[in-house]
């Protein structure tokens, strides 16, 4: 009810003991006095009554957009003018839809019912123009929508590619990967995806991983990495397995990081691995130097097998010299 609204008193007559007063305001109190009309003036009887609520006849006003982020904004507004509320405002509803599709019926429209005159609109797309409108409710239902207010979300920060991806090991039909979180991290990364294909085919498949994929301590120790992840850039390490690969094939793997807005980083540098459970063959062994009591040797394996190797065993056998 509006305290500072003054209406002119009205006087009407009736020849029956009942009458319907018209033109009153919804959800408003009135003092009604009735006196009988005779040759002698009668004493009036008074009573205070209240009209029922109605739906609002006005829309929320002074809508402002603040704290603009890539996927959310804050919005504040004021209730409809007092004489247009027509009751106690119980809640508000907002709709935000992309400017390019302003019919408010698309899947990309964000709707929510809230209490109070401020809220956050979340789940928006980065660097996108929107129209938002708001309406008020009483217990009788909703009022009219406000005029649309336009705003634009902020651009999403660029996500760098994972700086390090390695193939930890391979099996008959799988590969275990380890990768480093992009650095510097925006703090918004909530998923990763791996793109892989038989080398040279470009027939890529994808597999998604959640943002938290901790590597086991034994994996980190095998790779001579600390569980506290003191990588060169100080970023975290994640592990994941790709199944369903073709045996005895070389595969190319790449990893990308994504945030809640649906933005993805560029792909990491490709890594190639040989899918096999068989032994890794040393393909060459050479002496590069040495002295009277030492020999410096080096050897090679296929680059696609290198990721599967966790160490080497070197066996030295004296050769019997017959002329000694």
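In UniProt numbering, the protein residues as written are 1 to 324.
Positions of the beta carbon are idealized from the N, C-alpha and C atoms, including for glycine.
Two segments are said to touch when three or more pairs of C-beta atoms, one from each, lie closer than 8 Å; by this definition the segment 236-255 does not touch the segment 132-149. When C-beta atoms of the segment 9-27 are compared with those of the segment 110-117, fewer than three pairs fall below 8 Å, so the two segments do not count as touching.
For residue 301, same chain residues with a beta-carbon under 8 Å away, outside a window of 5 residues either side, are 280, 281, 282, 283 and 309 in chain order.
Bridge partners of residue 256 according to DSSP: 193. Here residue 178 is bridged, per DSSP, to 166 and 239. Under the DSSP assignment, residue 84 falls outside any beta strand (DSSP E), being part of the alpha helix (DSSP H) whose first and last residues are 82-85. Within the UniProt domain "Fibronectin type-III" (59-156), the beta strand (DSSP E) runs of at least 3 residues that lie entirely inside it are, in chain order, 61-66, 73-78, 91-98, 110-114, 118-121, 129-138 and 149-152. Unbroken beta strand (DSSP E) runs of no fewer than 3 residues, entirely contained in the segment 8-40, are found at 29-34, following chain order.
Between residue 273 and the set 117, 88, 10 and 174, the nearest pair of CA atoms involves 174.
In terms of CA proximity to residue 46, 36 leads the group 36, 53 and 55. Contact annotation: residue 143 and residue 56 have beta-carbon atoms nearer than 8 Å. In this structure, the beta-carbon distance from residue 87 to residue 54 falls below 8 Å.
In this chain, the beta strand (DSSP E) harbouring residue 283 covers 282-291.
Under the three-state reduction of DSSP output, residue 210 falls in the strand class. Taken atom to atom, the span from the alpha-carbon of residue 258 to that of residue 93 is near 31 Å. Under the three-state reduction of DSSP, residue 216 is assigned to coil, being neither helix nor strand. By the neighbour-count definition (other C-beta atoms within 10 Å, threshold 16), residue 95 is a buried residue. Counting the other CB atoms within 10 Å of its CB gives residue 315 a total below 16, which places it among the exposed residues. Residue 47: member of the beta strand (DSSP E) spanning 45-50, first to last residue.
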